[in-house]
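In the working numbering, the protein residues as written are 130 to 585.
Built from N, CA and C at the ideal position, the CB exists for glycine as well.
Quick caveat: nothing in here was measured; it's all calculated off a predicted structure.
Working notes for the structure below.
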């Protein structure tokens, strides 16, 4: 049985990798990235239950996989409420705590970086994070040095480790029991989005574009290094899966074409190339309408990015503009999955298979995911139609790609206390210095990455 599940895992992963790389494969991959929002509703759980009880989250996915065994990949990440409660995180409202139990979590817009703090962020990100941003983002730091603050930070660190263990055990179980690979591991925002989301906020960044454009550009450049290192720290060391990049503020008409070219693309391109040169693919969520801007992605290597086309985008235009260069996923309107009929779903899948997906390099999906209120009969119709119309070859057996040989890893990571400072405090090492230095630096890197976790 274990051998059969491993063979199924290898087949699915190989099909996923080949599809992203625009290579020939046996059939169209049946992907449901984002579908665990739907899986939870399908299994009868509220959002509060799956965000606070990891066992129920796992139960929901298991039921979903058993009822739809044809699925090749699921969504990987999930919000775990206790982590955010441990530090009194201010950027999210959570179901059951701040919102009705069946609703999604909500992002809270606010300026958590002041307009005069750009230079501090650029020149001393450690001081900026510890003295300015974190006290505004984490309620436990309202009284620095207090028992609540110290205990809250300890709880936040322990909860972060617990969440990582939950994710790890989930991935292992899905692989060994169900032959299910992950769609992505590791995550990175565009540098502009780091500013526009959790730091300056929507109002702040819109003012800065007019009042201090040079500071935005300088800050985006400064954020590349830490962004890449933090993404690599969470990425799959075997490089089997893409790194996830949700693009939040780069869509039209949030930025004009000139603003996109000036503020968004230069630092994003550099950051993406860093990940690609490290041997990783990227899964880019093009949230909103990216039609006027997605041609910039053609400056990246062919087959290096899997582009999720949102429902506001035109999947047929995307195929024409960038589909020859990148794998695309999407094409199923949310309204069709929610309100349509199985017959209409089947007709749409047939159209997509005969046009966008006729030569491969395409995964049928909703716009950046499957809506959580999708009709189950429509989801079943989508799968059955992909099986019927998405066949390519009887002579190709998908195989897992060997890990790329690119050796670029974490370079010059930012830390709070450099080893040289610690070494001076110790006044020398009696034994093997390297045995002490390596875990010290690893924990320093983890701590700094933990700080940036709260910025979005």
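Rounded separation between residue i and residue j - CA only
i, j, result
"residue 480", "residue 519", "11 Å"
"residue 549", "residue 256", "19 Å"
"residue 240", "residue 335", "12 Å"
"residue 200", "residue 367", "23 Å"
"residue 474", "residue 269", "49 Å"
"residue 578", "residue 541", "13 Å"
"residue 297", "residue 184", "13 Å"
"residue 489", "residue 148", "7 Å"
"residue 218", "residue 362", "22 Å"
"residue 428", "residue 398", "8 Å"
"residue 493", "residue 466", "12 Å"
"residue 586", "residue 402", "Since the first residue shown for the chain is 130 and the last is 585, residue 586 is missing from the structure and cannot be characterised."
"residue 416", "residue 563", "45 Å"
"residue 235", "residue 522", "44 Å"
"residue 272", "residue 280", "12 Å"
"residue 484", "residue 458", "13 Å"
"residue 284", "residue 263", "15 Å"
"residue 350", "residue 434", "22 Å"
"residue 496", "residue 455", "17 Å"
Boundaries (first-last residue) of the alpha helix (DSSP H) holding residue i
i, result
"residue 355", "342-363"
"residue 215", "210-215"
"residue 181", "176-181"
"residue 472", "471-483"
"residue 575", "562-582"
"residue 548", "548-555"
"residue 145", "131-149"
"residue 252", "247-252"
"residue 541", "Where residue 541 is concerned, there is no enclosing alpha helix (DSSP H), given that its DSSP letter is neither H nor E."
"residue 307", "276-307"
"residue 394", "394-406"
Bridge partner(s) assigned by DSSP for residue i
i, result
"residue 412", "373, 435"
"residue 161", "203"
"residue 156", "520"
"residue 235", "222"
"residue 424", "In the DSSP output, where bridge partners are listed per residue, residue 424 has none listed."
"residue 418", "381"
"residue 267", "218"
"residue 316", "373"
"residue 228", "224"
Whether residue i touches residue j by CB criterion (8 Å)
i, j, result
"residue 584", "residue 328", "yes"
"residue 221", "residue 313", "no"
"residue 160", "residue 202", "yes"
"residue 157", "residue 525", "no"
"residue 396", "residue 321", "yes"
"residue 308", "residue 141", "yes"
"residue 423", "residue 451", "yes"
"residue 251", "residue 348", "yes"
"residue 338", "residue 388", "yes"
"residue 432", "residue 151", "yes"
"residue 501", "residue 167", "yes"
"residue 211", "residue 174", "no"
"residue 352", "residue 323", "yes"
"residue 246", "residue 265", "no"
Residue range of the beta strand (DSSP E) that includes residue i
i, result
"residue 622", "Because the chain spans 130 through 585 in this model, residue 622 falls outside it and cannot be assessed."
"residue 494", "491-495"
Minimum C-alpha distance to residue i - residue among the options
i, options, result
"residue 513", "531, 533, 472", "472"
"residue 333", "277, 310, 238", "238"
"residue 487", "134, 133, 142, 153", "153"
"residue 534", "407, 418, 235, 521", "407"
"residue 463", "491, 442, 352, 499", "499"
"residue 214", "288, 470, 293", "288"
"residue 505", "354, 171, 418", "171"
"residue 354", "197, 400, 457, 547", "400"
"residue 178", "531, 381, 225, 317", "225"
"residue 372", "388, 311, 166", "311"
"residue 543", "144, 572, 261", "572"
"residue 206", "267, 282, 300", "300"
"residue 546", "259, 249, 146, 136", "259"
"residue 317", "233, 278, 409", "409"
"residue 291", "441, 209, 478, 319", "209"
"residue 391", "356, 345, 404, 358", "345"
"residue 138", "529, 449, 582, 510", "529"
"residue 143", "482, 531, 560", "531"
Closer than 8 Å to chain C by CB, residue i
i, result
"residue 364", "Any reference to chain C falls outside this structure, which holds one protein chain only."
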